[in-house]
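Inspection log for the structure reproduced underneath, given as structure tokens.
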Amino acid sequence: MVKATSPTTVEIRSVTTPQEAEQFLDLPFKVYANDPNWVPPIRSSIASQFAPENPFFEHGRLQRLIAVRSDEVVGRIVAAVNDRLIEREGRKVGLFGFFECIEDFTVAKALLNAACQWLREQGMELVRGPINLSTHNSCLFLVDGFNSPPMIMMPYNPPYYPEFVEQDGWYKAKDAYAYNFALDKPLPDEFERAYRIACKAGVTFRPVRTKSPGFEEDAERIFHLLNRMFANNYSSTPWSKAEFMAETRSMRSLLDPDVFPIAEYNGEMIGLWMGLPDYNIALKHVGGNLNLIGTLKFLWYRRQIDQGRVIYICSLPEHRRKMVPLALIYLGMMGGIKKGKPYKRAELGHIYEDNYPSRKLVEASGGTIHKTYRIYEKNLGMAESSYESDYLPSS
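As structure tokens, then:
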């Protein structure tokens, strides 16, 4: 048992048994039991992140931890080391993610301290989060915009999470924004003109293919394009091909080609707008399990989807003078409002606060900041007090 200087005793345990693994997955259902905006994640998707076959383990290691008080699990966290991120940044930066806890700062501090201690033991000098192993997965704490549910593949958390980490001495590393688009407002005329200019310059546009073999060909080309485009993104590392193809195959049946235009020039993929229906509207009713009942509920409630999320807008820099980014926005927005489509609004995100070119383009097309997210950092020195060193994970 690990002792704390708080009147309440909190024990931090490493997740080592199947029962503890289930408790790790169960905890969010306790934390968000009375939160109408929470969308339960698919349990099997979270569990797969810790399976030995996850490609992350080819270049990283992690420690799952749970907080237990009076035989009740009251918090969880994962500390991780991504060797590719260390190599890219040239410094020993560790990560924390999968953070959830009840509204008790004592529990949050115990979890954060235990994660930091494990990262110190791995030789890390800085910790950053929340990042669930990679920024390609869920990352960021929501800090503003708690009045609506998250869109598909966007994070959500109680307001007290950022309050707790700041109280524990963490500092802001970077903010990011999600932008709202009302689809009943027309785009400025220059976006349609940009599309015509791009076509005259020899750029061709088409929807993503969802049937074989075109799907596999597009997925591989998208893999190379995104790795090239986002190679220098904050705290990012390149996808491995195995990671990307596995994720893409899992999304294949969810794609709407009308909101996923691709730009090509001389046969090369040079840009894309990746839109996705907001399946969180249906997943909210599934309860985290896509078993037979869950799948039937998903199929029923997906008919209520009336909004979408734009995950990427990107164009190779050497083709931007051909007006490709504006043309993609035009095609993506037109695809969303074509006859028979249900979309009433869209959300684009996230965009980091210092990505001024992208922000300027999005705001010019009518986007307004809808939600704000944050990543935190903390320097890892020696434990600053006996209080911190008391919170060591036990097996």
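Going by full-length UniProt numbering, the sequence shown opens with residue 1, and the numbers climb by one from there. In this text, a Cβ means the ideal position worked out from N, Cα and C, and glycines have one as well.
Annotation for M269: the continuous beta strand (DSSP E) segment containing it runs E268 to P277.
Within the same chain, Cβ atoms closer than 8 Å to the Cβ of L290 are found at I42, S44 and F298, the five residues on either side in sequence being excluded.
For E220, the enclosing alpha helix (DSSP H) begins and ends at G214 to M229.
Judged by DSSP secondary structure, C199 falls outside any beta strand (DSSP E) and instead within the alpha helix (DSSP H) spanning D189 to K200. Following the DSSP letters along the chain, one finds D71 in no beta strand (DSSP E), marked with neither H nor E. Minimum Cα-Cα distance from R88 among the listed residues P238, F98, E20 and R76 corresponds to P238. Note: E11 is bridge-paired with V68 in the DSSP secondary-structure output.
The residues Y195, F205, P261 and W273, in chain order, have a CB closer than 7 Å to that of L331 in the same chain once the five nearest residues on each side in sequence are set aside.
CA-CA distance, D104 to E163, rounds to 11 Å.
Between P342 and V107, the alpha-carbon positions lie close to 43 Å from each other. DSSP places F164 within a helical segment (H, G or I) once states are collapsed to three. By the neighbour-count criterion, in which a residue is buried when 16 or more other Cβ atoms sit within 10 angstroms of its Cβ, L348 is buried. Here A33 carries a coil assignment [DSSP, helix/strand/coil]. For E53, the three-state secondary structure derived from DSSP is coil.
Under the Cβ criterion (8 Å, minimum of three pairs), the stretch 314-333 does not count as touching the stretch 238-254.
DSSP places R88 in the uninterrupted alpha helix (DSSP H) bounded by D83 to E89. G332 carries a helical assignment under DSSP once its states are collapsed to helix, strand and coil.
Taking C-beta separations shorter than 7 Å and ignoring five residues to either side along the sequence, the partners of A198 in its chain run K322, M323, V324 and A327, following chain order. Residue burial is scored here from C-beta neighbours: E72 has fewer than 16 other C-beta atoms within 10 angstroms and is therefore classed as exposed.
For N180, the enclosing beta strand (DSSP E) stretches over residues Y171 to A182.
DSSP lists no bridge partner for C116. Rounded to whole angstroms, I293 and H319 show a C-alpha spacing of 48 Å. For D26, the three-state secondary structure derived from DSSP is helix. Secondary structure note for S315: it is in no alpha helix (DSSP H), and the uninterrupted beta strand (DSSP E) holding it is Q307 to S315. Within the same chain, Cβ atoms closer than 8 Å to the Cβ of D35 are found at P158, the five residues on either side in sequence being excluded.
Judged by beta-carbon spacing, R64 lies beyond the 8 Å limit of S138, meaning their Cβ atoms are not closer than that value. The beta-carbon separation of A282 and R302, rounded to 4 Å, stays under the 8 Å limit for a contact.
By the CB criterion at 8 Å, I46 and L25 fall inside the cutoff. In the DSSP annotation of this structure, the continuous segment of the alpha helix (DSSP H) that includes R249 starts and ends at K241 to M251. One thing to note: M245 has its Cβ no nearer than 8 Å to the Cβ of A263. Our two residues, L361 and G267, have alpha carbons roughly 26 Å apart in a direct line. In this structure F99 is buried. Its beta-carbon is surrounded by 16 or more other beta-carbon atoms within 10 angstroms.
For the pair H370 and G145, the CB atoms are nearer than the 8 Å cut-off. Secondary structure note for E264: it is in no alpha helix (DSSP H), and the uninterrupted beta strand (DSSP E) holding it is P261 to Y265. Taking a 10 Å sphere around the C-beta of S315, we find 16 or more other C-beta atoms and assign the residue as buried.
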